[in-house]
Every structure is written in structure tokens, then in C-alpha cells.
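Data block below; observations after.
Protein chains: 2
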Amino acid sequence: MSGASHTPGTPSLDAPEPPTLADIGRAAGSLADRAVFTPLVESPLLNDRLGCRVLAKAEVLQRTGSFKFRGAFNRLSKLNEDERRMGVVAYSSGNHAQGVAAAARIVGTSATIFMPKDAPATKVLNTRRHGAEVRFYDRATENREEMAEALARERGGVVVRPYEDPDVIAGQGTVGLEIASQARRMGIHLDAVLVPCGGGGLSAGTALAIAGASPETRVYSVEPQGFDDMARSLAADARKRNAGGGQSMCDALLMPEPGALTFAVARGRLAGGLAVGDAATRRAMVTAFADLNLVVEPSGAVALAAVLAEAIETSGRTLVVVLTGGNVDPETFSEVLASEEWPPA
Amino acid sequence: MSGASHTPGTPSLDAPEPPTLADIGRAAGSLADRAVFTPLVESPLLNDRLGCRVLAKAEVLQRTGSFKFRGAFNRLSKLNEDERRMGVVAYSSGNHAQGVAAAARIVGTSATIFMPKDAPATKVLNTRRHGAEVRFYDRATENREEMAEALARERGGVVVRPYEDPDVIAGQGTVGLEIASQARRMGIHLDAVLVPCGGGGLSAGTALAIAGASPETRVYSVEPQGFDDMARSLAADARKRNAGGGQSMCDALLMPEPGALTFAVARGRLAGGLAVGDAATRRAMVTAFADLNLVVEPSGAVALAAVLAEAIETSGRTLVVVLTGGNVDPETFSEVLASEEWPPA
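Chains as they are written, first to last, in numbering that gives the first Met the number 0: chain A, 0 to 344; chain B, 0 to 344.
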């Protein structure tokens with residue numbers, strides 16, 4: 000798990016140590032009065048229709064409307080005084096931007112976020128409303144990671160990566176810790192937890208937490224079809240890239256391959272990777288609207304979509320699906336509502 | 000508060016005793032593992048825009064998608080064995096129907112619900128999915144109360160009234176008890192609680208609970224303009240009817256006058272009644288979508304609408320708005336999303 004260019008046994012800045020269960024516990028402590036301990040939402044009617052019990056971990060109710068606040072805040076809570084003075088830099092087309100911006104305001108630092116020129120206006124506006132400076136880049140011609148690194152070097156600030164960071168993974172992992180604690184309090188056994196997967200920060204963190212806190216529960220990553228790099232990497236037990244050329248409405252889940260760090264945490268802990276098409280994702284968004292009264296963005300709905308599509312055995316099981324985010328514009332939402340059969344069967 | 004036709008001091012079947020704070024406490028006990036203890040949801044960005052702190056009591060996440068389950072279950076949990084065998088009868092065009100149907104299934108009785116012929120297909124379908132028998136009536140030519148009473152007499156069953164019932168009011172009052180307990184746990188002082196008002200069951204119950212548990216907090220009913228019978232009744236300190244001829248998209252809040260029992264509980268406990276137009280209600284639905292990721296039906300959004308419209312002094316205050324229900328069809332929802340400025344200012 001260490002890079003090739005440094006002496007074995009020497010800690011490398013390029014290959015940080017993976018987080019531990021204890022790190023997730025500490026992250027939960029930091030987040031206690033900052034993040035929302037989100038509810039598990041369910042609908043007996045939906046359960047009847049599906050023949051299983053589905054508990055939706057409603058991260059759409061998280062601060063900034065997605066789980067991304069957890070990792071961002073956990074990372075930013077560890078800035079030293081110098082770093083706080085210099086400000087942080089991040090790149091994101093969506094939810095990580097808002098998470099970093101909101102966390103920066105709370106810890107008292109400034110945030111500069113590189114966003115693509117074609118990012119949804121709402122996400123740009125909300126990132127600014129959280130107090131961050133937004134800089135635009137061109138997806139086709141510019142490398143956002145390099146731009147962010149260059150700015151951070153220039154300022155002496157820190158880049159807050161969306162998933163390749165142990166503190167970010169530990170922060171996202173608090174989702175898994177909460178799920179395990181909620182199940183215990185409800186006195187129920189969880190057969191499986193399904194987690195949307197882009198770069199793998201949330202699925203890795205959740206798998207780590209559940210492996211520690213509820214080891215008989217199987218954790219699955221869920222990706223859009225054509226972008227199932229985590230599923231293929233888990234199957235091959237080595238990082239694999241997407242073939243490319245895929246199309247998906249899940250704009251937050253289009254990473255080409257799992258992160259080195261996220262994959263190191265996820266392998267052996269994720270039971271497998273599932274993939275769903277846009278049709279199931281649409282149906283999941285409509286189901287969340289109809290049966291749960293929750294607004295879920297396409298990328299946030301893929302775990303529920305995997306249950307609707309019976310991507311794993313569901314009959315008689317108790318399953319948690321993480322609804323990761325709800326930042327969707329009204330045109331997309333209405334278009335999805337109009338395209339699906341009503342009421343959802 | 001007793002009827003004119005019976006001896007003073009003699010309990011009358013026509014004029015039941017108003018519920019007490021202790022009744023609400025007992026209702027909370029009955030509901031403990033049945034109803035959802037719904038979260039208070041907030042958005043720091045929304046708070047910034049409004050210049051006040053708004054906590055949304057998300058009854059859209061309640062079992063059956065509205066607060067109505069609380070009162071229905073509390074009433075049905077008190078059926079004796081004979082009554083349970085005979086089944087219950089109710090009338091409703093919407094959320095009370097689903098609340099009674101779901102509660103009936105849990106306590107093991109049958110439910111027959113009179114619904115108007117033109118009730119939304121989704122509400123009819125969901126009422127049936129909860130296991131109830133639906134019978135239709137014509138709003139223009141038939142009296143649903145009489146039809147329900149006649150059927151109940153014929154069967155020896157019980158009519159579950161939507162609000163003129165002490166057990167129903169006590170059940171709805173658990174919303175107020177939860178709000179007070181949540182505020183205590185958060186260590187915050189609540190200036191006001193705003194509650195959508197149709198027949199007055201929820202506003203009366205909530206006012207009763209808050210008067211006991213958080214007496215410095217002011218509770219307001221919120222009604223659609225043209226249907227502000229509770230507001231006018233409170234102002235006159237006597238039950239007043241709507242003038243008639245009003246138009247509103249809030250189909251669940253169109254009662255002509257407060258119930259005798261609900262008004263008896265509400266008077267002196269509600270600080271006043273507010274009224275909002277459809278424009279503010281639409282804005283509230285879009286705000287709940289954009290800032291809270293919650294699906295709210297028109298009638299469920301009027302308390303938030305009152306804050307947006309500054310129907311009371313809000314600056315610097317901490318306010319709870321009850322989002323009472325989310326059972327809205329996709330056409331209406333999309334139409335509202337399309338009609339409003341985006342993003343909401």
C-alpha cells in the first residue's frame with residue numbers, strides 16, 4: 000500500500016495510512032454537534048411491495064444536503080493554526096464543494112473551490128452562499144487537481160481531496176457507525192447496507208465502520224452501469240478502470256477508478272459491488288418521492304435503485320440504503336417524475 | 000362547553016371532555032413504537048436568508064406521510080374487544096383515511112373509509128394498500144358524516160372523527176410534546192410554533208402540549224386565506240364560519256369552522272391565527288424542496304409559508320414550523336416547481 004518510490008517502512012506523504020475504526024469513532028466525536036445524526040426512514044407500504052424491509056439512511060437531510068459535509072468537516076477540524084490562516088482549496092462539481100464551504104465557515108477558514116464552468120448554477124450559488132470563493136475550470140482542457148495543488152502551494156494552504164484522504168474517509172464512515180448504532184437501538188439485525196460509490200470514500204468508510212460495529216452485515220457499493228470500477232476492482236482484487244464511453248445521469252459517480260486509499264480500505268470489507276442503470280435510478284427517485292417524501296438526486300438514489308432492481312437477494316431481508324444527497328435542480332426532478340409510471344408499483 | 004340539551008354536570012355523549020396534558024403524555028406512550036418521532040430539520044443557508052432560525056418538524060416522514068396517523072392510532076388503540084371486532088368507519092379525502100387505515104391494520108380491526116369520488120387516485124390507492132375498504136360519496140349531493148354514522152350504527156362499529164375526538168386531539172398533540180422535548184435536548188428556547196390548521200385537531204393538541212411543556216412559547220394556527228375560520232374565531236373568542244367563496248390549493252384545510260371541541264382546547268392557548276395565500280404556499284413547497292430536501296403537500300406547507308411571508312415577526316427568532324404531510328401527486332408538485340423562481344431567494 001506504500002508508493003514505489005520511497006523506502007519501505009518510511010511513511011510517505013503520497014501514501015497516507017488508511018484510517019482505522021478508532022479514527023471513525025473520533026470523527027463521530029468531532030461531528031457530534033455539527034453534523035446531523037440522520038434518521039433511518041422507512042415506509043411499511045414500500046416494504047410490503049418489495050417483500051423486504053428497507054431502511055433509508057437519509058443523508059439528504061444532512062447539513063448541505065449530502066453526506067459530504069461529514070468528511071470535509073472532519074478533515075478541516077484537524078487544520079493547525081497556520082493552515083487555518085492560509086485557507087483550504089478543493090475541487091468539485093457538486094456536493095463536496097458545499098461540504099467544504101460549510102465546514103470552512105464553521106472552523107473559521109476561507110475556502111476556494113474549483114468548479115467546472117458547466118456546473119449547475121444552483122450548486123455554484125449554494126457554494127458561494129456558504130461563503131466560499133468559486134473559481135471555474137474547463138473540464139475538457141484543464142486539470143483541476145493540478146490547479147488546486149498549485150494554488151494551495153502558492154498560498155501554503157491545504158487541498159481537501161474528495162476521497163483520497165484518511166480523515167475524509169473516516170468522516171464519511173460515521174454514516175456506517177450511525178447505521179450500526181441505530182440498528183442496535185431498534186433491536187434489529189441488518190443483512191446488508193448498500194452505499195452509492197463514486198471515488199469510494201463513503202463506501203470504504205462505511206464498510207470499515209460496519210465491519211467493526213456489525214460484522215455479520217454485508218456492505219455493497221453501488222455504481223452506475225458503465226462506471227462500475229469499484230465492482231470490477233473488488234472482483235479482480237486489484238484496481239480496475241472503467242472502459243470509458245459510458246453514459247449515466249449520476250453526475251457524482253463518474254470517477255474512472257477507485258482511489259488507491261479508498262480501495263485499500265474497501266477490499267476485503269465490501270462484500271461486492273453492484274451496478275444499476277438509469278431506469279432503476281429514476282424509479283428509485285420516484286419511489287423516494289412517493290413513499291418517503293424525500294428529494295433524492297440521481298447519484299443519491301442508486302442504492303435504493305439496486306434494491307428495486309433486485310441486484311442482490313432481497314426477499315425477507317432487512318436492508319439499509321444510503322440516500323447520499325438531494326441536490327437536484329427542479330427541471331431534472333420534474334422530468335424524472337413525469338417519465339415514470341405513477342404511482343410506483 | 001357542554002351541550003344545551005342535557006343536565007349540567009352530567010357527562011354528555013355529544014360533548015366529550017376535552018383532553019388534558021396527561022392524555023397527550025399517555026398518547027405518546029401508546030405511540031412510542033408505532034409512530035415516528037420525527038426530526039426537526041433545518042438549513043443554515045435558509046436561516047441566513049430569512050434572518051431567523053427555522054426548525055421544520057418533518058411530519059412528512061411520519062408513518063403514512065402525515066401526522067394523521069398519530070390521532071388515528073391513539074383513538075384505535077382504545078377500542079374494546081367488541082368495537083375491534085365490528086371495525087371502524089371514517090370519512091376523509093386524504094391523510095386521515097390513510098392514518099385510520101394503517102392504524103386499523105396494526106390494532107387488528109377492519110376500516111371502511113368514505114372518500115369523495117374525485118379524491119386523488121393515489122390517496123385512494125394508498126388507503127386500500129393499507130388494507131381499508133374504500134366507499135365513494137358525492138361531495139355535492141351526499142353527507143359523508145351521516146353516511147359514516149349510519150354504517151357504524153348498522154354494524155355496531157365506531158366512527159373515527161378527523162378532529163372532534165379527545166383521543167384524536169391528544170394523539171396529534173404528541174407533535175407538540177416532541178417539539179418541546181427536542182428543543183430542551185438542543186438547549187434552545189422556542190419563540191413560536193406554527194401549525195397548519197384545518198378542523199383544528201393538530202393546532203389544539205399542539206397548543207395544549209406546548210402550554211404545558213414550554214409555556215413561554217407562542218403557538219399559532221396557520222390557514223389558507225379565505226379559510227381562516229380559526230383565526231377569526233380566536234380573534235372573536237367564539238366560533239366563526241368562513242364567509243365562503245374562497246379558493247385555495249390547500250385541499251386538506253378547507254373546513255368551514257373550527258370544531259367545538261378543538262376550539263374549546265385551542266382558545267386561550269393559541270396565541271393567534273395566521274393566514275397565507277397560495278403564492279406563499281407555493282414558495283414554501285419550493286423552499287422545502289430546495290433547502291430541506293423534503294416533499295411537502297400544499298396543505299403541509301402553510302406554516303413555512305407564514306414564515307416566508309413574515310406573517311409574524313421573525314427577525315432573530317427561533318421558530319418551529321410543522322410540515323404536516325407530503326402526500327402530493329407528481330403533476331401538482333412539478334407544476335409548483337415550474338411556477339416559482341429558482342433558486343428560491
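Think of the CB as a built atom: it goes at the ideal place given N, C-alpha and C, for glycine as much as any other residue.
Collapsing the DSSP output to three states places F36 (chain A) in coil. For the pair of segments examined, the segment 274 to 293 of chain B was found not to touch the segment 189 to 206 of chain B: the number of CB pairs separated by less than 8 angstroms stays below three. Cβ proximity to chain A below 7 angstroms picks out F288, N292, L293 and V294 from the segment 282 to 303 of chain B. Taking the Cβ atoms as the reference, A71 (chain A) lies roughly 12 angstroms from T173 (chain A), outside the contact range of under 8 angstroms. At least one CB of chain B lies nearer than 8 angstroms to the CB of S333 (chain A).
Boundaries cannot be given for T63 (chain A), as no alpha helix (DSSP H) includes it and DSSP labels it neither H nor E. In this structure, the straight-line span from the alpha carbon of L176 (chain A) to that of G24 (chain A) is close to 8 angstroms. In the structure shown, S314 (chain A) falls within a coil segment according to DSSP collapsed to helix, strand and coil. Under the three-state reduction of DSSP output, L189 (chain A) falls in the coil class, being neither helix nor strand.
Taking CB atoms only, H95 (chain B) has no neighbour in chain A less than 8 angstroms away. The DSSP-derived three-state label of T121 (chain B) is helix. Against chain A, a Cβ distance below 9 angstroms from H188 (chain B) picks out nothing, because the smallest value is about 17 angstroms. Just so you know, the alpha carbons of S314 (chain B) and A265 (chain B) end up roughly 26 angstroms apart. Under the Cβ distance rule, N46 (chain B) does not count among the residues neighbouring chain A, no pair being separated by less than 8 angstroms.
For A118 (chain A), no chain B residue has a Cβ inside 9 angstroms of its Cβ, as the nearest lies near 14 angstroms away.
T121 (chain B) belongs to the set of residues whose beta carbon lies under 8 angstroms from a beta carbon in chain A. Within chain A, the C-beta atoms nearer than 7 angstroms to that of P342 (chain B) come from T121 and L124, in chain order. One finds nothing in chain B with a Cβ atom closer than 7 angstroms to the Cβ of A131 (chain A); even the nearest lies about 12 angstroms away. CA-CA distance, M146 (chain A) to H95 (chain A), rounds to 17 angstroms.
Judged by their CB atoms, Y162 (chain A) and V194 (chain A) are not nearer to each other than the 8 angstroms cut-off. When only Cα atoms are considered, S247 (chain A) and A300 (chain A) end up about 13 angstroms apart. Residue state for F113 (chain A) is assigned as strand, using DSSP reduced to three classes.
For R238 (chain B), there is no enclosing alpha helix (DSSP H), since its DSSP letter is neither H nor E. Among the residues of chain B, none has a CB under 8 angstroms from the CB of G200 (chain A); the nearest is roughly 21 angstroms distant. In the three-state scheme derived from DSSP, where H, G and I count as helix and E and B as strand, A89 (chain B) is classed as strand.
For G24 (chain A), the three-state secondary structure derived from DSSP is helix.
P329 (chain B) belongs to the set of residues whose beta carbon lies under 8 angstroms from a beta carbon in chain A.
Going by DSSP, S333 (chain A) is part of the alpha helix (DSSP H) stretching over P329 to S338. Taking C-alpha positions only, F288 (chain A) is separated from I105 (chain A) by approximately 32 angstroms.
For V285 (chain A), the closest alpha carbon among the candidates A:W341, A:D166 and A:H188 is that of A:W341. Contact annotation: L260 (chain B) and P15 (chain B) have beta-carbon atoms nearer than 8 angstroms.
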